[in-house]
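So the sequences go chain by chain: A and B. Position one of the first sequence corresponds to residue 0 (numbering that gives the first Met the number 0), numbered consecutively onward. Position one of the second sequence corresponds to residue 0 (numbering that gives the first Met the number 0), numbered consecutively onward. Heads up, the beta-carbon is just placed ideally off N, CA and C, and yes, glycines get one too.
Number of protein chains: 2
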Amino acid sequence: MTTNRVKLNNAGKRFTHQRALIMDIIRRGQGHLDADEIFRRAREKESRLSLSTVYRTLQMMKELELVDELHFSENHHHYEVKPTKEHYHLVCLGCGRVIEFGYPLSRYLKKEVPELKDFDIDETEIRVAGYCNLCRRTRR
Amino acid sequence: MTTNRVKLNNAGKRFTHQRALIMDIIRRGQGHLDADEIFRRAREKESRLSLSTVYRTLQMMKELELVDELHFSENHHHYEVKPTKEHYHLVCLGCGRVIEFGYPLSRYLKKEVPELKDFDIDETEIRVAGYCNLCRRTRR
DNA sequence: TTTGATGCAAATACTTTGCAATGGG
DNA sequence: CCCATTGCAAAGTATTTGCATCAAA
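Set out below in structure tokens:
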């Protein structure tokens with residue numbers, strides 16, 4: 000809320016009500032909304048808001064590191080407010096549910112994997128796909 | 000080569016020269032080509048080959064598990080022949096280079112992460128983004 | 001010969017951009 | 001007031017689909 004306003008202002012950006020609305024939707028969305036879904040939800044409140052504003056806001060929030068863009072096996076992305084702790088995703092190929100799990104992995108990787116020794120890690124994305132315990136029974 | 004022919008035939012698919020060519024390009028591409036690049040390379044040999052054939056072939060190869068589709072931070076995907084051993088990707092945000100590393104992680108995750116206990120893992124994708132040792136010096 | 005695969009063109013999905021109008025600081 | 005931001009429409013990029021023709025088995 001107010002912290003976002005400060006972050007934007009510090010970056011010479013304005014805290015418009017469109018931006019406030021979009022951020023709020025992403026926050027409530029528990030991190031699993033795509034651009035179009037964010038747009039549809041925003042329109043319920045602000046019927047004149049445009050899809051370009053959604054895309055432009057997402058772009059900006061990525062740059063300011065306020066949100067993360069997640070890359071699932073689709074032709075579009077999903078967004079979530081940047082979490083403070085490390086967390087990753089489990090995608091069920093049966094029902095599409097996304098289960099989030101927190102686990103401190105990047106320190107482990109850095110230590111274990113030789114290729115990572117000389118690498119300055121910015122972010123780690125892990126996506127485990129498979130079938131959840133509900134779907135595995137009814138599979139196929 | 001011949002093994003692919005057998006796999007296709009078993010699935011009731013035909014081993015066309017377009018498919019052979021596309022598979023060959025993906026194999027040579029060391030796993031870091033997108034659909035359009037595959038198309039451009041294929042056209043050098045088969046000038047009448049169409050982009051839809053590339054997409055249709057990629058789709059089919061994914062289903063037959065002959066290739067993997069990789070999801071980087073872009074609006075399109077990259078493809079590689081399905082590796083037999085576990086391996087993951089390091090993407091340099093400076094030069095765009097993709098460094099591949101092999102590491103047996105899924106057994107470890109399965110054991111360590113409670114959310115994975117009840118989950119039937121199909122595939123694990125890890126993407127570590129950051130700066131390689133060449134780029135980290137000249138960064139910004 | 002049969003039917004799955006291809007090329008082409010057109011359709012769809014997702015994202016970005018130009019520009020005049022608007023509104024936050 | 002100024003200039004970043006917006007809405008709208010149009011363009012750009014990525015992918016899919018319908019259909020007549022072609023070719024693998």
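Which ranges does the alpha helix (DSSP H) cover as unbroken runs of at least 4 residues, wholly within the stretch 45 to 100 of chain A, from first to last along the chain?
Counting whole runs of 4 or more residues, the stretch 45 to 100 of chain A contains the alpha helix (DSSP H) stretches 50 to 62.
Cutoff 8 Å: C94(A) Cβ touching any chain B Cβ
Numbered from 1 along the first sequence, position 95 holds the residue referred to as residue 94(A). Not flagged as an interface residue toward chain B: C94(A), since no C-beta distance is shorter than 8 Å.
Check each candidate in R135(A), A128(A), L63(A), R55(A) and name the one with the smallest Cα separation from E142(A).
Lying before the first or after the last residue shown, residue 142(A) is absent from chain A, which here runs from 0 to 139.
Going by C-alpha distance, which of L133(A), L108(A), E114(A), E124(A) is nearest K116(B)?
By 1-based counting over the second sequence, the position of residue 116(B) is 117. Of the listed residues, the one whose Cα sits closest to K116(B) is L133(A).
Among E68(A), S105(A), R47(A), C91(A), nearest to L32(A) - alpha-carbon criterion
Reading the first sequence from its first residue, position 33 is the one you call residue 32(A). Of the listed residues, the one whose Cα sits closest to L32(A) is E68(A).
May I have the straight-line CA-CA distance separating V66(A) from R135(B), to the nearest angstrom?
Position 67 of the first sequence, counted from the start, is the residue given in the question as residue 66(A). Position 136 of the second sequence, counted from the start, is the residue given in the question as residue 135(B). So the two alpha carbons sit approximately 24 Å from each other.
Distance CB(Y130(B))-CB(C91(B)) smaller than 8 Å
Here the question's residue 130(B) lines up with position 131 in the second sequence. Here the question's residue 91(B) lines up with position 92 in the second sequence. Result yes, Cβ atoms of Y130(B) and C91(B) sit closer than 8 Å.
Mark R139(B) as exposed unless 16 or more other C-beta atoms lie within 10 angstroms of its C-beta, in which case mark it buried.
Here residue 139(B) refers to the residue found at position 140 when the second sequence is read from its first residue. With a pLDDT of 42 at R139(B), under the threshold of 50, the modelled position of that residue is not reliable, and the figure given next carries that caveat. That one is exposed.
Please check if any C-beta of chain B sits within less than 8 Å of the C-beta of R139(A).
In the first sequence, the residue the question calls residue 139(A) occupies position 140. Here R139(A) scores only 42 on pLDDT, less than 50, and its place in the model should not be relied on; the value that follows carries that caveat. Residue-level contact by beta carbon fails for R139(A) and chain B, as no gap is shorter than 8 Å.
Please work out which residues of its chain come closer than 7 Å, Cβ to Cβ, to G101(A), disregarding the five sequence neighbours upstream and downstream, and give them in chain order.
By one-based count along the first sequence, residue 101(A) stands at place 102. Correct list, in chain order: K84, E85, H86.
Is A10(B) helix, strand or coil by DSSP?
Along the second sequence, read from residue 1 onward, the residue named residue 10(B) stands at position 11. Three-state DSSP puts A10(B) in coil, outside helix and strand.
Under 8 Å between the Cβ atoms of Q17(A) and L48(A)?
The count along the first sequence starts at 1 and reaches residue 17(A) at position 18. The count along the first sequence starts at 1 and reaches residue 48(A) at position 49. In this structure, L48(A) lies closer than 8 Å to Q17(A) by Cβ.
Helix, strand or coil at V112(A) according to DSSP, with G and I counted as helix:
Locating residue 112(A) in the first sequence gives position 113, where the first residue counts as 1. V112(A) falls in the coil class under three-state DSSP.
Within chain A, the residues that F118(B) reaches when beta carbons sit closer than 9 Å
In the second sequence, the residue the question calls residue 118(B) occupies position 119. The contacting residues are L89, C91, I98, V127, G129, Y130, C131, N132, R135.
So, helix, strand or coil for R139(B), using DSSP?
As a first step, residue 139(B) is located in the second sequence; it is residue number 140 there, counting from the start. Residue placement at R139(B) is flagged as unreliable, the pLDDT there being 42, under the threshold of 50; the coordinate-derived value follows with that caveat. R139(B): coil per DSSP, three-state reduction.
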